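Worksheet: the structure to be examined is printed underneath.
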Amino acid sequence: MPGPWRFAQSAPGVAPRGLVAGALVVGALVGSGCLLPLPTPAGRAGQLTTPDGQPVARADVIVETVSIMTPPGGAWPGRSVHRFETRTDREGRWRVPGGIALCFGLPLPDAMPLQLDEYTFIAPDERILRRRPDLEAWRPEGDVEPTLRTDWDARPPMSVSILPTFGVMGGAAQTVSGHLGGLLLVGRAAFGLGLRIAAEAGVAGPGASAALVVPYRASEPVFGVELGARYLRPWSNGGSRGWIAPEIALDLSNLRFTLTSLDLGAGDSSSRRPALGIGWGFF
């Protein structure tokens, strides 16, 4: 998710000339494609048993996240993009912590990425079970009645992901600029919390921002709310002092909408004014 384009208040001496250009750039970038955060793999846990319910201990559990064509066909295609291995415990229980990867897609039919997790369970006696829990009805050709079974209903483990943050922004004290940083995201299933830190540089000056991120669906954060602050130190027009202001942001796919309260350096509380922005990138 993106960084902010500032369209409202401009700094003293900085004309809001980024408005039209910014809108055109944002439109071009959003229309050309987008980066989507996808679970790689999705966090899951369960128990491996025999058909009569006996746990299978010390079985190998191999999880391959595969990128497949959309819509999926009737075969068993897929290109592996991630691999994770673990083993079942004495009670046959297994746990796979979730992760997140960025995938590029075009906003066209059949051009958006689709990933599925393929599980392979190998018992000590070499019996094998292979399943894709997100597409259980899709079976490989020649699949026979399995001699192993697993469930997917146990509480998934906590997952920790580190993602890059980057994007473009402008207006409201930054006519045009870009930012680069990182996002630490901790979550379990739909619930999560993140910390976003980024540095920026632009026409008006260098700066930085930090925010607490509350995403919807931590394993696939395409929507989130941020509570943080932004710092800017102008190149000129009072460059001996920096500006710092609270900021809230709404992240929606590859767009980030911001509301910042700027102190433009006049030295009194009346100079603090709201500035709206819109941006493109990832967080």
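The sequence shown finishes on residue 315 if you use my numbering, and the numbering steps up by one all the way, no holes.
Note that beta-carbon positions come from the ideal geometry of N, C-alpha and C, so glycine has one too.
Predicted, not measured: the structure shown is a model, and the values here were computed from it.
Run of the beta strand (DSSP E) containing Arg127, from where it starts to where it stops:
Arg125 to Val128
Using 10 angstroms around the beta-carbon of Ala231, count the other beta-carbons present and answer buried if the total reaches 16, otherwise exposed.
Exposed: under 16 other Cβ atoms inside 10 Å.
Mapping the DSSP letters down to three states, classify Pro83 as helix, strand or coil.
coil
Under the three-state reduction of DSSP, which class applies to Asp92: helix, strand or coil?
strand
Please report the straight-line C-alpha distance between Gly234 and Gly199, rounded to a whole angstrom.
12 angstroms
Three-state class that DSSP yields for Leu134 in the structure shown
Three-state result, Leu134: strand.
Can you tell me whether DSSP reads Leu167 as helix, strand or coil?
Three-state DSSP puts Leu167 in a helix.
Pick from Leu67, Gly311 and Glu279 that is closest to Leu244, judged by C-alpha positions:
Glu279
With Ser209 as the anchor, note down where its beta strand (DSSP E) starts and where it stops.
For Ser209, the enclosing beta strand (DSSP E) has its first and last residue at Ser209 to Arg220.
Answer yes or no: do Asn286 and Phe314 have a C-beta to C-beta separation smaller than 8 angstroms?
yes
Within this structure, are the beta carbons of Pro188 and Ala77 separated by less than 8 angstroms?
yes
Mind reading off the beta-carbon distance from Pro73 to Asp149? Whole number of angstroms is fine, and I expect it under 8 angstroms.
5 angstroms
Excluding the 5 residues flanking Tyr248 on each side, which residues of the same chain have their C-beta closer than 8 angstroms to its C-beta?
Ala222, Val254, Phe255 and Gly256
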